[in-house]
Amino acid sequence: MSAVYLNVKCAACGLRIRTTTDYYVLKNRVWNKAMTGKATGKNNGLCDGVDGQLHIVCVEKRLGRELRQRDFEPDIPLNLGFMGFDYRKFEP
Ligand SMILES: [Zn+2]
Numbered sequence: 005m006s007a008v009y010l011n012v013k014c015a016a017c018g019l020r021i022r023t024t025t026d027y028y029v030l031k032n033r034v035w036n037k038a039m040t041g042k043a044t045g046k047n048n049g050l051c052d053g054v055d056g057q058l059h060i061v062c063v064e065k066r067l068g069r070e071l072r073q074r075d076f077e078p079d080i081p082l083n084l085g086f087m088g089f090d091y092r093k094f095e096p
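Each number in our numbering comes from the position in the sequence shown (counting from 1) with 4 added on.
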């Protein structure tokens, strides 16, 4: 599969986001911690987070740890291979 890039840049490094590896939804508390430094927000909604995109490696740098499958929202198409990324195949 050829790489598909979004016209969206990572809020941390400024490089473009690739759908197959870096287009995903984290649980709000994890996402908000990466974006704002505070683990706020509900853990069950998709509209409660802070807008933006980050590469997975950039999230991990900001959090100071590797992501795990349980950090991703489990039941939405974006995390289930709809655009290429599949959290079920994600390994730290
Ligand atoms: Zn980045």
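Note that the Cβ used here is the ideal one computed from N, Cα and C, for glycine as well.
So residue i and residue j are supposed to be a Cβ contact under 8 Å. How far apart are they, rounded?
i, j, result
"residue 60", "residue 26", "6 Å"
"residue 8", "residue 24", "7 Å"
"residue 31", "residue 77", "6 Å"
On the DSSP bridge list, what partners appear for residue i?
i, result
"residue 9", "22"
"residue 76", "30"
"residue 90", "84"
Among residues of its own chain, excluding the 5 on either side of residue i, which ones have a beta-carbon nearer than 7 Å to its beta-carbon?
i, result
"residue 40", "54"
"residue 66", "16, 38"
"residue 14", "21, 57, 58, 59, 62"
"residue 70", "64, 96"
Please list, in chain order, all residues of the same chain as residue i whose beta carbon is under 6 Å from its beta carbon, the five residues on each side excluded.
i, result
"residue 94", "73"
"residue 87", "23, 27"
Got a sec? Which residues, its chain only, sit under 8 Å from residue i by beta carbon, not counting five neighbours each side?
i, result
"residue 10", "20, 21, 22, 23, 27, 57"
Q) Could you name the residues, in chain order, whose CB is less than 5 Å away from a heavy atom belonging to ligand 1? A) 14, 16, 17, 59, 62
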